[in-house]
Amino acid sequence: MDDRRAALLLSLLALTGAGVRLALAPATAAAPGDVRLVSVDTPPGGLAATARTAARLARPLLPGERVDLDRADVTEITRLPRIAWREQHGPFGGMARFDSVPGVGPKLVESLRPYVMFSGVMP
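Numbered according to the numbering used here, the sequence shown spans residues -15 to 107.
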């Protein structure tokens, strides 16, 4: 008889504990551990546009793709090696002036020739 009473008491305590836990738990429709992301400052064009731009700028230039060194912003220029000279000296205007950048030699100029163009305009 004592074993039955002990089992009944333990069952009652377990049910009471479950009831209290259910009553005190926050009422949400989401599953436990569910994560909801909230954007505080959405950039113009949205997050998808920013992600597309970042993906385009992170990849190397494709064959036939060119960067206008006279109009390129800093993120586009970083796709090419060793280009910081334009800010001090103005637009390149052509490969000959680009070749005058310290550290840029004939070999680099020739390797970049298929990937660049020049408009003569600063951004």
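Cβ atoms here follow ideal geometry from the backbone N, Cα and C, with glycine treated the same way.
Cβ-based burial, residue i [other Cβ within 10 Å; buried from 16]
| i | result |
| --- | --- |
| D(-13) | exposed |
| L96 | buried |
| D18 | exposed |
| D57 | exposed |
| L53 | buried |
| R70 | buried |
Rounded separation between residue i and residue j - CA only
| i | j | result |
| --- | --- | --- |
| G48 | V93 | 16 Å |
| L8 | G30 | 39 Å |
| R40 | P98 | 18 Å |
Residues bridged to residue i [DSSP beta-bridge criterion]
| i | result |
| --- | --- |
| M79 | Note: M79 sits in no beta bridge, so no partner. |
| D52 | M101 |
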